[in-house]
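S.K.: Under the numbering used here, the sequence shown is numbered contiguously, ending at residue 1889.
Even glycine gets a Cβ: it sits at the ideal position worked out from N, Cα and C.
This is the structure I have questions about; it appears just below.
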Amino acid sequence: MTDKQLPGSPFVHYKNDSLMLEEVPLTQLISEYGTPLFAYSKAAMIHALNAYERAFKGRRARIHYAMKANSSLGVLRVFAQRNCGFDIVSGGELARVLAAGGKAEQIIFSGVGKTRTEIKAALDAGICCFNAESEAELDVLNEVALECKKVAPISLRVNPNVDAKTHPYISTGLKDNKFGIAHERALETYKRAATLKGLKIKGIDCHIGSQIIEISPYEDAVSLVLDLVDDIEKAGIHIEHLDFGGGLGIDYAGETPPAADALWAKLFALLDARGYADRDIFVEPGRSLIGNAGVCLTKIEYLKTGDHKNFCIVDAAMNDLPRPAMYEAFHAIVPLQTNSRQTANTSNVLYDVVGPVCESGDWLGKDRSLNVRVGDGLAILSAGAYCMSMSSNYNSRGRAAEVLIDQNVTTLIRRRETIEDLIRQET
Ligand code: LLP
1463 MTDKQLPGSP FVHYKNDSLM LEEVPLTQLI SEYGTPLFAY SKAAMIHALN
1513 AYERAFKGRR ARIHYAMKAN SSLGVLRVFA QRNCGFDIVS GGELARVLAA
1563 GGKAEQIIFS GVGKTRTEIK AALDAGICCF NAESEAELDV LNEVALECKK
1613 VAPISLRVNP NVDAKTHPYI STGLKDNKFG IAHERALETY KRAATLKGLK
1663 IKGIDCHIGS QIIEISPYED AVSLVLDLVD DIEKAGIHIE HLDFGGGLGI
1713 DYAGETPPAA DALWAKLFAL LDARGYADRD IFVEPGRSLI GNAGVCLTKI
1763 EYLKTGDHKN FCIVDAAMND LPRPAMYEAF HAIVPLQTNS RQTANTSNVL
1813 YDVVGPVCES GDWLGKDRSL NVRVGDGLAI LSAGAYCMSM SSNYNSRGRA
1863 AEVLIDQNVT TLIRRRETIE DLIRQET
């Protein structure tokens, strides 16, 4: 295995046959912290952020990290320290991001089902903007704002009916999706919002999906949104900011998504050509900021060989890393050490890499060619986004620990969940 074969981050690499994250050998990490363990590279996060910052240099633009991708405090703090804004979707996320040092006035609140309690908490905190997703939500935002004697800053999330060409479960900008207000109804809805005293119209928003690896769906969405802004402004309603959501994909298995700066060079050209260079531009990237910065480390418990299939049974499972079970997603799986095998002169075997959870859907990788023994460590790559944040306690499994790597320094940012943690709220 050479570095070139590893998809994803340049910060995950082999050195003397030992897999490293930045300057830390991952075998050392698992002997210290156990498995399953998530490890994140701070340099990889900053590297990903830099691509957006390069694109936005000299522009009125702000990055709002979509924290649903990974909402661990230690991760949020890295982005907060770099003055990122945040895209949140619940009161829980609001509390987390404030605890991590995020600024309320740089928070935007997305999601189709905001409750009155969540809306009030966000108004009290003084967030930047609510991305309203329906006409009914506008009425609730208005009512809660009037009750609190406040004005709710809002954008409407419009659904441009653009195909993001991604997995159906993570496509959000199509007519059949539950998200946003249909493009055809948006102008009327803006006119109505303008009459509600508890609301202040700030911007417009769209987010068409996730793991997008082509530029054209973004160009289509931007054009459609700008058509709408032309009409909204003709109706006398000023749009201060344009929010184009997140969605940029990463390399899991050799995909070649555009870099954030390349994507945005194209989109700014479009904005400039249409006369919208003077507006504030917002983005809400999640996966592209954290996905390739993380690995999930696991240990092999059993090797089970059979006539039809071989199983490599590891101590991480669908509760730790649900993406394969939920979307049949591919994550590369590689050994932490490569040398011992070659000297032992053994050969690779095809395995399904599976966890101990009692579900056939509990697999992490299918038909993976590995040269491994019981007790070996494996790394599941590109596991920074939508893994820990979607983890669960299914099968009464405690959640994994997490560490943040900064060059050769390792910080435990979440201790492993214990049995006591698991039963604490129950009687
Ligand atoms: N903004 C909004 C309104 C969103 O709904 C999302 C993601 C984002 C931003 C961030 O999108 P990103 O840049 O991360 O693509 N669990 C799935 C992904 C679900 C994405 C949900 N919304 C997965 O593991 O692939």
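May I have the straight-line CA-CA distance separating Val1834 from Pro1786, to the nearest angstrom?
M.R.: Their backbone Cα atoms lie some 21 Å apart in a straight line.
S.K.: Please state if the CB of Leu1783 and the CB of Leu1725 are separated by a distance shorter than 8 Å.
M.R.: Result no, Cβ atoms of Leu1725 and Leu1783 do not sit closer than 8 Å.
S.K.: Please confirm if the stretch 1749-1764 is in contact with the stretch 1711-1721, defined as three or more CB-CB distances below 8 Å between the two stretches.
M.R.: At 8 Å Cβ cutoff, the stretches touch.
S.K.: Checking 8 Å against the spacing of the C-beta atoms, do Ser1844 and His1770 come in under that value?
M.R.: It is not a contact, given that the beta carbons lie outside the stated cut-off.
S.K.: If you draw a straight line from the C-alpha of Ser1552 to the C-alpha of Glu1879, how long is it?
M.R.: Ser1552 and Glu1879: Cα-Cα distance of roughly 23 Å.
S.K.: Do Val1687 and Pro1622 have their CB atoms nearer than 8 Å?
M.R.: It is a contact, given that the beta carbons lie within the stated cut-off.
S.K.: With distances taken Cα to Cα, identify the nearest neighbour of Gly1496 among Leu1488, Tyr1502 and Leu1690.
M.R.: Taking only the C-alpha atoms, the option nearest Gly1496 is Leu1488.
S.K.: Evaluate the contact criterion for the stretch 1728-1743 versus the stretch 1761-1776: three or more CB pairs, one atom per stretch, below 8 Å.
M.R.: Verdict: no, contact absent.
S.K.: As a quick exercise: from Asp1586, Ala1587 and Phe1548, pick the residue whose alpha carbon is nearest that of Gln1568.
M.R.: Minimum Cα distance to Gln1568 is reached at Phe1548.
S.K.: State the Cα-Cα distance for the pair Tyr1848 and Leu1759, rounded to the nearest angstrom.
M.R.: Cα-Cα distance, rounded: 16 Å.
S.K.: Following a CB-centred definition, is Pro1747 positioned closer than 7 Å to any heavy atom of ligand 1?
M.R.: Checking every heavy atom of ligand 1 against the Cβ of Pro1747, one is found closer than 7 Å.
S.K.: Considering only heavy atoms of ligand 1, does any lie closer than 7 Å to the CB of His1669?
M.R.: Because some heavy atom of ligand 1 lies under 7 Å away, the Cβ of His1669 counts as near it: yes.
S.K.: Could you tell me whether the Cβ atoms of Ser1534 and Ile1875 are closer together than 8 Å?
M.R.: In contact: Ser1534 and Ile1875 (Cβ atoms closer than 8 Å).
S.K.: Would you call the stretch 1535-1546 and the stretch 1577-1594 touching, i.e. three or more CB-CB distances under 8 Å?
M.R.: No: the two stretches stay apart, fewer than three of their Cβ pairs being nearer than 8 Å.
S.K.: Should the stretch 1505-1512 be regarded as contacting the stretch 1850-1860, the criterion being three or more beta carbon pairs within less than 8 Å?
M.R.: No: the two stretches stay apart, fewer than three of their Cβ pairs being nearer than 8 Å.
S.K.: Under 8 Å by Cβ, that's how I've got Ile1643 and Glu1595 pegged, so tell me the actual separation to the nearest angstrom.
M.R.: Confirmed, about 7 Å.
S.K.: For Val1486, which residues from the same chain have a beta carbon less than 7 Å from its beta carbon, with the 5 sequence-adjacent residues on both sides left out?
M.R.: If we look at Val1486 and ignore the five residues flanking it on each side, its Cβ neighbours are Ile1867, Asn1870 and Thr1872.
S.K.: Suppose you measure from the CA of Val1540 to the CA of Lys1504; what does that come to, to the nearest Å?
M.R.: One C-alpha to the other measures close to 7 Å.
S.K.: From the DSSP output, in three-state form, read off Asp1689 for me.
M.R.: Of the three classes helix, strand and coil, the one that applies to Asp1689 here is helix, per DSSP.
S.K.: Check for me: the alpha helix (DSSP H) holding Met1788 runs from which residue to which?
M.R.: Its alpha helix (DSSP H) spans residues Arg1785 to Tyr1789.
S.K.: DSSP three-state call for Glu1763: helix, strand or coil?
M.R.: If DSSP states are grouped into helix, strand and coil, Glu1763 belongs with the strands.
S.K.: Contact defined as beta carbons within less than 8 Å: I believe Gly1665 pairs with Val1613. What is the distance between those atoms, to the nearest angstrom?
M.R.: Their Cβ separation, rounded to whole angstroms, is 15 Å, which puts Gly1665 and Val1613 out of contact at 8 Å.
S.K.: Around the C-beta of Gly1573, are 16 or more other C-beta atoms found within 10 angstroms, so that it is buried, or is it exposed?
M.R.: By the neighbour-count rule (16 or more Cβ atoms within 10 Å), Gly1573 is buried.
S.K.: Hey, Asp1723 and Ala1513 are a contact pair by Cβ (cut 8 Å); roughly how many whole angstroms apart?
M.R.: Confirmed, about 5 Å.
S.K.: Is Tyr1789 near ligand 1, going by C-beta to nearest heavy atom under 7 Å?
M.R.: True, at least one ligand heavy atom lies under 7 Å from that Cβ.
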